[in-house]
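Protein sequence lines correspond, in order, to chains B and A.
Under the numbering used here, the first residue of the first sequence carries the number 1, and numbering increases by one thereafter.
Under the numbering used here, the first residue of the second sequence carries the number 221, and numbering increases by one thereafter.
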Amino acid sequence: MLSVLIKKELFVELRNKEVVFSMLAFGTSVLLIFSFSFNGNPKTMHEIAPGLFWTLVLLSSSLGLHRMFGLEKDLDAFSSIIASPIDRSIIFLSKWISGFIFLSLTELLIVIPFFLFLGLSKPMSILPGLGIVMIGNLGIIAVGVLISGLGMRARMSAVLLPVLLFPLLTPLLISCVKSTAGWFHDNPFEFYQIWVMIMITYVVIFGLAGFTLFDQITEE
Amino acid sequence: MLSVSNIFKSFNYKTILNDISFSLSQGDTVALMGKNGVGKSTLLRIIAKISTPDKGDIYFQDNNILKSKSSTRQGIYYCGHAPGLYPSLTAEENLHYFSLFHKCNPSSTLIQTTLKEYELSDALNKPVKFYSQGMMQRLKLAFIEIINWKLLLIDEPFNGLDISGNDFVQQKISSWQNGERVILFVDHNLERAVDISSRILLMDKGKIAVDEKSTENGLFDKITRLMR
């Protein structure tokens, strides 16, 4: 059933092109603002780039998460899904995985302009950076799906999402920025390992919380 | 087949369902009636496990669906007020995915034949967001033909339909009942409800005020009095 649900999420997005496109359009606009605002020397840019990157990801992802659930709210398709004989933990997993795919795809499209517009030099090794971004994405989407599910029945879900999401994501984002900075400065992994561990812990905690609590969260 | 026992539900400290209990057996076609806001839709949503009761149990084929695995709800199909569809997908795509969620895998031919029967074949490739309310209502009903169910929960199936649509759905409800299934539907039209159903449940003040066979003498007057 998980594969059917993921296929459905991808198919709906392929038809709408709302989640990825809204994140991409918003991310590009923020990136342009950043590149014009912080026209400093390359050293300063190198220092602040990890923070800018994760700010960009956070803002874009909140928009995408809102649309991901909004599409199911329009004609109340969500009620039809939760009334089906499907474990709601599987629904959470499908949302988590598809959200992760959408966010990663957006980042993939935005990362080259990010380096170009901000005049950043490429770190020596790509792999640690890729790992950090993937773990960060998993954490953001796990919390995001949990909060979006919670706000699904709320009248002001568009407001509720950032109000709950941003404070909850703060510990993860600090770890993301710290570990990305370590990677940007070509430090050995041991220097920022602790931050990566915190990120992984965060993903495990919120992934498990979503998996076990999504049943209760989505009921009226 | 379905046993609802001692269901309580409140919203904002206001009790909507106050100790609701009833049982439905194979072959029952039951009309659920009552004034607006009495909790008919809430009750249907609780049986479909979209909503959670504050207290009470629901048994479907001897399994407590509120406490056991989702697979025990296999065979329950809920058709609510809202279309419950993906606006950007076509009728066929919506049918395909929702059938899979209910563990059915209908052939493309069956889907197309059903849509034709429901006069939706012209709009086959149109996303449902372009459908009129009547078309969406017909599509919702087409799902009932495709998905395998034993218990059908249907909230105001005649909503948004013209006279011919009304007759069509009335016939359909009778044809869906094969003696082994249970149909629980919400309706406001007493004459029609008496025509279609074998039993009438009337909700009043959060309780089941009337639970009688449709053929019962004096039922019409009793219900009319309580509905006023």
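Built from N, CA and C at the ideal position, the CB exists for glycine as well.
Quick check on B/S157 - is its C-beta less than 8 Å from some C-beta in chain A? no
Against chain C, which members of the stretch 74 to 85 of chain B pass a CB distance test of less than 9 Å? This model lacks chain C altogether, as its protein chains are B and A.
Which residues of the stretch 314 to 327 of chain A have a Cβ closer than 8 Å to any Cβ of chain B? Give them in chain order. Y317, F318, L320, F321, H322 and K323
According to DSSP, simplified to helix, strand and coil, what is A/V224? strand
Can you have a look at B/Y192 and say buried or exposed, based on whether 16 or more other CB atoms are within 10 angstroms of its CB? buried
Please decide whether B/K8 counts as near chain A, where near means a Cβ-Cβ distance under 8 Å. yes
Which residues DSSP lists as bridging A/M423, in chain order: A/G254 and A/I428
N-terminal and C-terminal residue of the beta strand (DSSP E) that A/C299 is part of: I296 to C299
Indicate whether the contact test is met: 3 or more Cβ pairs, each with one atom in the stretch 248 to 265 of chain A and one in the stretch 341 to 358 of chain A, closer than 8 Å. no
Could you list which residues in chain B have their beta carbon closer than 7 Å to that of A/Q203, in chain order? For chain A, the structure presents residues 221 to 448; residue 203 of chain A sits outside this window and is missing.
Is there at least one Cβ from chain B nearer than 8 Å to A/R401's Cβ? no
Can you give me the C-alpha to C-alpha distance between B/L164 and A/A429, rounded to a whole angstrom? 44 Å
Which of the three DSSP states is assigned to A/I331 in this structure? helix
Would you say A/Y298 faces chain B, with C-beta separation under 8 Å as the test? yes
Let me check understanding here. Comparing Cα to Cα, which of B/M199, B/A181 and B/L150 lies closest to B/L169? B/M199
A/K234 versus A/P273: straight-line alpha-carbon distance, rounded: 13 Å
Check B/K178 in the structure and name its three-state DSSP category. helix
Below 8 Å on the Cβ atoms is my contact criterion, and I expect B/L161 with B/L65 to pass it. Report the Cβ-Cβ distance as a whole number of Å. 6 Å
Give me the residue from A/S223, A/K425 and A/K229 with the minimum Cα distance to A/Q246. A/S223
Looking at C-beta atoms only, is the number of pairs between the stretch 170 to 188 of chain B and the stretch 66 to 80 of chain B that lie closer than 8 Å three or more? no
Neighbourhood of B/S62 by C-beta, 8 Å cutoff - its chain only, sequence neighbours within 5 removed: G144, L161, P162, L165 and F166
When we look at the beta-carbon of B/E13 and count the other beta-carbons within 10 Å, is it buried (16 or more) or exposed? buried
When the Cβ atoms of the stretch 43 to 53 of chain B are set against those of the stretch 135 to 153 of chain B, are three or more pairs found closer than 8 Å? no
If you scan the stretch 355 to 380 of chain A from start to end, which runs of the beta strand (DSSP E) of 3 or more residues do you find wholly inside it? 371 to 375
Nearest-angstrom Cα separation, counted from B/V196 out to B/S203: The sequence given here places Val at residue 203 of chain B; Ser does not occur at that position. Their Cα atoms are separated by approximately 11 Å.
Tell me whether the stretch 36 to 45 of chain B and the stretch 112 to 121 of chain B touch, counting them as touching only if at least three CB pairs, one residue from each stretch, are closer than 8 Å. yes
Closer than 8 Å by beta-carbon distance: list the chain A residues that pair up with B/E220, in chain order. R265, I270, S271 and T272
So who's on the other strand from A/V406, going by DSSP bridges? A/L252 and A/D375
Restricting to Cα atoms, I'd like to know which of A/F318, A/E312, A/G254 and A/D248 is closest to A/I236. A/G254
When we look at the beta-carbon of B/P188 and count the other beta-carbons within 10 Å, is it buried (16 or more) or exposed? exposed
Counterpart residues of A/K349 in DSSP-defined beta bridges: Looking at the DSSP assignment, A/K349 forms no beta bridge with any residue, so it has no partner.
On a CA-only basis, which of B/S37, B/A83, B/T212 and B/M23 is nearest A/K323? Give me that one, please. B/A83
Residue range of the alpha helix (DSSP H) that B/T28 falls in? V19 to S37
Of the residues A/R401, A/K349, A/S319 and A/S327, which one's Cα is nearest the Cα of B/L15? For the sequence presented, residue 15 of chain B should be read as Arg rather than Leu. B/R15 has its Cα closest to that of A/K349, out of A/R401, A/K349, A/S319 and A/S327.
Return helix, strand or coil for A/S245, following the three-state DSSP convention. coil
Contacts around A/S225, its chain only, beta-carbon distance under 8 Å, and the 5 residues preceding and following it disregarded: S241, G276, D277, I278 and Y279
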